[in-house]
Amino acid sequence: MKLPESYYLDSDVVKLSRDLIGKYLFTRIDGVVTGGYIVETEAYNGIIDKASHAYGNRLTPRTQTMFMQGGVAYVYLCYGIHEMLNIVTSVEGQPHAVLIRAVNPTIGLDIMQYRRNMAVIKPTITMGPGSVAKALGVSRKINGISLQSDTLWIEDRGLTFADDEVAAVPRVGVDYAGDDALLPYRFYIKGNSYVSKPNK
DNA sequence: GTGCTGATCGTCT
DNA sequence: GACGATCAGCACT
Numbered sequence: 020m021k022l023p024e025s026y027y028l029d030s031d032v033v034k035l036s037r038d039l040i041g042k043y044l045f046t047r048i049d050g051v052v053t054g055g056y057i058v059e060t061e062a063y064n065g066i067i068d069k070a071s072h073a074y075g076n077r078l079t080p081r082t083q084t085m086f087m088q089g090g091v092a093y094v095y096l097c098y099g100i101h102e103m104l105n106i107v108t109s110v111e112g113q114p115h116a117v118l119i120r121a122v123n124p125t126i127g128l129d130i131m132q133y134r135r136n137m138a139v140i141k142p143t144i145t146m147g148p149g150s151v152a153k154a155l156g157v158s159r160k161i162n163g164i165s166l167q168s169d170t171l172w173i174e175d176r177g178l179t180f181a182d183d184e185v186a187a188v189p190r191v192g193v194d195y196a197g198d199d200a201l202l203p204y205r206f207y208i209k210g211n212s213y214v215s216k217p218n219k
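In the numbering used here, the protein residues as written are 20 to 219.
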């Protein structure tokens with residue numbers, strides 16, 4: 020059921036970002052399982068991608084997780100408030116990552132609701148990368164954790180989407196990246212209500 | 001529905 | 001010392 024280590028070693032992070040659409044992502048934090056299937060991702064394509072933290076082979080205490088062998092989580096803090104969950108891919112020394120931007124929740128809705136401090140469950144519960152991390156209980160404490168662990172993993176349950184059901188568009192919030200901001204590295208399931216806002 | 005803005009701090013210059 | 005791979009709340013249409 021769990022995607023094997025080898026799945027994450029592919030050197031084509033854009034292809035993997037597309038392929039992760041429809042895969043099931045789970046966490047087991049404090050003994051409770053929450054998760055659902057991935058409906059939105061973004062690819063960050065190594066040292067040549069101006070939008071990536073690892074652009075220009077920038078190796079710092081923060082980014083070193085991205086340089087690990089594929090199949091681990093890269094979690095960091097953004098805007099001082101939000102934690103973001105990425106899946107590191109490719110071989111060691113090749114800093115590729117897939118940002119998980121939205122999930123269609125299937126298990127642990129009550130736990131997610133509690134973590135998000137919501138009075139009523141709405142699609143915003145796992146819409147956007149900061150929300151996904153918070154709903155699934157992901158924090159920087161699990162930065163670098165293996166996807167073969169029992170804390171965080173991804174399963175293939177045979178759910179697939181045809182190419183005409185998946186949009187490929189420019190990434191969100193990366194205007195500073197110049198030409199690379201235009202690359203169609205964001206993937207999402209058309210019409211899915213959990214996909215985050217810039218939805219055209 | 002759309003649009004503006006405050007929150008809040010780790011990270012790199 | 002500036003700013004970000006964002007979100008929620010509130011004003012307004």
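Glycine residues also receive a C-beta, built at the ideal position from the N, C-alpha and C atoms.
Quick caveat: nothing in here was measured; it's all calculated off a predicted structure.
Which residue from the options puts its Cα closest to that of residue i?
i	options	result
residue 214	179, 123 and 109	123
residue 80	169, 93 and 142	93
residue 117	168, 57 and 96	57
residue 163	84, 35, 62 and 43	84
residue 209	131, 192 and 181	181
Alpha carbon to alpha carbon, how far is residue i from residue j?
i	j	result
residue 69	residue 126	36 Å
residue 42	residue 173	7 Å
residue 171	residue 62	20 Å
residue 197	residue 108	24 Å
residue 39	residue 136	28 Å
residue 199	residue 169	36 Å
Could you round the C-beta distance between residue i and residue j to whole angstroms and report it? I think they count as a contact, below 8 Å.
i	j	result
residue 51	residue 104	Going by Cβ atoms, the distance from residue 51 to residue 104 rounds to 17 Å, so no, they are not a contact pair.
residue 207	residue 190	11 Å between Cβ atoms; not a contact.
residue 53	residue 155	5 Å
residue 86	residue 111	7 Å
residue 119	residue 148	6 Å
residue 89	residue 28	5 Å
What would DSSP say about residue i, mapped onto helix, strand or coil?
i	result
residue 153	helix
residue 204	coil
residue 125	strand
Just to confirm my understanding: we take residue i, look at its own chain, exclude 5 residues before and 5 after, and list those with CB closer than 6 Å. What are they?
i	result
residue 55	122, 123, 124 and 125
residue 64	32
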